[in-house]
Amino acid sequence: MSYFSNRCPHCEKGRIFRGIVRMNPACTECGVRFERESGYFIGAMIASYFLGVFLALPTLLAAVFAYEFPMSQALVFASIQLLVLQPFLFRTSRILWIRIEAALTRSIHR
Ligand SMILES: [Zn+2]
Numbered sequence: 020m021s022y023f024s025n026r027c028p029h030c031e032k033g034r035i036f037r038g039i040v041r042m043n044p045a046c047t048e049c050g051v052r053f054e055r056e057s058g059y060f061i062g063a064m065i066a067s068y069f070l071g072v073f074l075a076l077p078t079l080l081a082a083v084f085a086y087e088f089p090m091s092q093a094l095v096f097a098s099i100q101l102l103v104l105q106p107f108l109f110r111t112s113r114i115l116w117i118r119i120e121a122a123l124t125r126s127i128h129r
């Protein structure tokens with residue numbers, strides 16, 4: 020099991036995403052709802068922020084210090100990189116959030 024797998028964390032069979040950014044509301048195999056309550060994915064937004072910083076910061080630093088671009092251009096490069104990676108960040112952060120929540124719930128109820 021990978022933390023980034025598109026499989027349901029409860030049964031490991033159903034898919035979380037049915038498209039690049041389109042989610043199934045519930046697992047097609049075991050029926051567990053992925054969005055537990057309204058606002059559930061706010062934690063995924065925080066995860067997406069840190070993933071974005073983790074991916075954009077090396078680009079920014081390399082552009083400024085290795086290639087000596089001005090900071091304004093380096094910010095444009097990093098922004099373009101984040102725009103291109105947005106589907107990946109959206110998907111990965113939601114999968115990560117669902118898996119973290121499932122792991123915490125399992126450890127609490129044991
Ligand atoms: Zn399932």
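Residue numbers for the sequence shown follow the numbering used here, beginning at 20 and rising by one.
For every residue, glycine included, the Cβ atom is placed at its ideal position computed from N, Cα and C.
Let's test the definition: count the other Cβ atoms within 10 Å of the Cβ of residue i and tell me whether it reaches 16, buried, or not, exposed.
i    : result
F73  : exposed
F23  : exposed
R118 : buried
C30  : exposed
Hey, how far is the Cα of residue i from the Cα of residue j?
i    : j    : result
L79  : E48  : 43 Å
I114 : V83  : 33 Å
S57  : F88  : 43 Å
R26  : A122 : 14 Å
G62  : R125 : 18 Å
M42  : I35  : 6 Å
R97  : A75  : The sequence as given places Ala at residue 97; Arg does not occur at that position. When rounded, the distance between both Cα atoms is 5 Å.
S91  : L70  : 22 Å
P77  : S112 : 19 Å
L101 : I127 : 35 Å
C46  : Y86  : 47 Å
G50  : L108 : 25 Å
W116 : L94  : 28 Å
E65  : E54  : The amino acid occupying residue 65 in the given sequence is Ile; Glu does not appear at that position. Between I65 and E54, the C-alpha separation is close to 16 Å.
Residue i: beta carbon under 8 Å from a heavy atom of ligand 1?
i    : result
S120 : Per the sequence shown, the amino acid found at residue 120 is Glu instead of Ser. Checking the Cβ of E120 against ligand 1 gives no.
E48  : yes
G58  : no
V51  : yes
G135 : In the structure displayed, the chain extends from 20 to 129; residue 135 sits before or after that span and is not available.
(message) To test your reading of the DSSP string, which unbroken alpha helix (DSSP H) runs of 4 or more residues are found completely within the stretch 37-101?
(response) 61-80
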